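A quick write-up on the structure given underneath.
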Amino acid sequence: MITWGNVARVPLFDSLQAVEIAEVCRLLYARHFPAGAPIISAGDSGSAMYIIESGEAVAEHGDDLREPLGPGDFFGEAALLEHRRHKSDVVATSPCRIYVLDSVALAQLGRRHPELLRAIREVAKERRRDVPEDRRQTPKQET
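171 is the number of the first residue of the sequence shown in my numbering; add one for each residue after it.
Structure follows, in structure tokens:
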């Protein structure tokens, strides 16, 4: 069960009012991953973004870069927003409870709270700047 208190503690949602957090709770669903389980894999479709409620994970960006992730961290937003495949693996390093926000829910949230969608886009943009040019993927073009 996704509780208001757990969602309110996620930094991404800390600017929202109580009624807005309740709305976010209705849009999320939770998944559990045991230690060692892949949460996302490079090459998978970016159909959702993920927020760690509890536990720890690691984002593996190739052979040489590993980024630890913990409660409140989110990932998968760039692939979701850019309609592309994930370029990194994220693996649970301890049992994890993950909140999932899929593309339909993100669109609903963005219509009601454009400032939140802007914040997510800004994080994706900042993270993209941090990726070396030779590791970037071009977003899929609409036809």
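We put the CB at the ideal spot given by N, CA and C, even for glycine. The structure displayed is predicted, hence computed values, not measured ones.
I need the DSSP call for residue i, collapsed to helix, strand or coil.
i: Pro238; result: strand
i: Ile191; result: helix
i: Arg201; result: strand
What residues in its chain sit with their C-beta under 6 Å from that of residue i, if we drop five residues either side in the sequence?
i: Ala207; result: Ala262
i: Pro238; result: Val228
Got a sec? Which residues, its chain only, sit under 7 Å from residue i by beta carbon, not counting five neighbours each side?
i: Gln278; result: Leu197
i: Ala205; result: Ala262, Thr263, Ser264 and Pro265
i: Ala212; result: His256, Lys257, Ser258 and Asp259
Quick check on residue i: buried or exposed, where buried means 16 or more other Cβ atoms within 10 Å of its Cβ?
i: Ser258; result: buried
i: Ala249; result: buried
i: Ala192; result: exposed
i: Ala229; result: buried
i: Leu235; result: exposed
i: Gly232; result: exposed
i: Gly175; result: exposed
Which stretch, first to last residue, makes up the beta strand (DSSP E) that contains residue i?
i: Pro208; result: Pro208 to Ile210
Hey, could you find the ends of the alpha helix (DSSP H) residue i is sitting in?
i: Ser273; result: Ser273 to Arg282
i: Glu223; result: Element bounds for Glu223: not the alpha helix (DSSP H) but the beta strand (DSSP E), Ala218 to Ser224.
i: Val177; result: Trp174 to Ala178
Ordered along the chain, which non-local residues of its own chain (more than five positions away) have a Cβ less than 8 Å from that of residue i?
i: Met219; result: Phe244, Phe245, Gly246, Glu247, Leu250, Val270, Leu271, Leu276 and Ile290
For residue i, decide whether its Cβ has a neighbour in chain D, counting only Cβ atoms nearer than 8 Å.
i: Leu186; result: Protein chains in the displayed structure number just one, and chain D is not present.
For this session: Only counting runs of 4 or more residues, tell me where the alpha helix (DSSP H) segments fall wholly within the segment 244–270, in order along the chain.
Result: 247–252
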